[in-house]
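Here is the structure we will look at.
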Amino acid sequence: MPSLKYLFLAYNHFNRTIPPEYGNLSHLQALDLSCNSLSGSVPATIGNLKPLMFFMLANNLLTSPISKELGNCTSLLWRNLSNNKLSGTIPTELKNIGSDVGPMTVGTRIKS
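Here the sequence shown is numbered in this note's numbering, starting from 68 and rising by one per residue.
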């Protein structure tokens, strides 16, 4: 599946961690894993997805700080990490990406 561009797996009741292997999908432009019960952290390998434009992880049980490696996804236009249990601050590397195009939604527990 190396040429996969869109992966929409929202509302599937997944209750595991996000596989770090998703970071190997080098052509991925959209990843939607929202509205599951995913736990753990967002793998740093997601930062390998340079063409990623849409990144949706809202409404899960994700914890830990947001990885600064996500700042490597320089094509991001829209990202939604709201309604999780994330901690820490939004990495500077991620705050500046796509700020002129689309919002970054992370919820109320993250400090910007």
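Virtual Cβ for every residue (Gly too), placed ideally from N, Cα, C.
For clarity, every value in this text was computed on a predicted model and none was experimentally measured.
Report buried or exposed for residue i, applying the criterion of at least 16 other Cβ atoms within 10 angstroms of its Cβ.
i	result
R146	buried
G114	buried
L161	buried
F75	exposed
L128	exposed
S142	exposed
R176	With a pLDDT of 46 at R176, under the threshold of 50, the predicted position of this residue should be treated as unreliable, though the coordinate-derived value follows. Looking at its Cβ environment, which holds fewer than 16 other Cβ atoms inside 10 Å, R176 is exposed.
S131	exposed
S149	buried
L137	buried
Roughly how many angstroms lie between the CA atoms of residue i and residue j, to the nearest whole one?
i	j	result
F81	P87	15 Å
S93	N103	24 Å
S134	T84	15 Å
C140	K152	22 Å
State the beta-bridge partners of residue i as determined by DSSP.
i	result
M123	D99, N147
S131	Paired residue(s): none; S131 is not in a bridge.
Y73	A97
T84	S106
T159	None, per the DSSP bridge assignment.
Using only CA atoms, which one of the options lies nearest to residue i?
i	options	result
G90	A111, K72, L105	A111
A125	S70, S106, S108, S101	S101
N79	P158, L105, T159	L105
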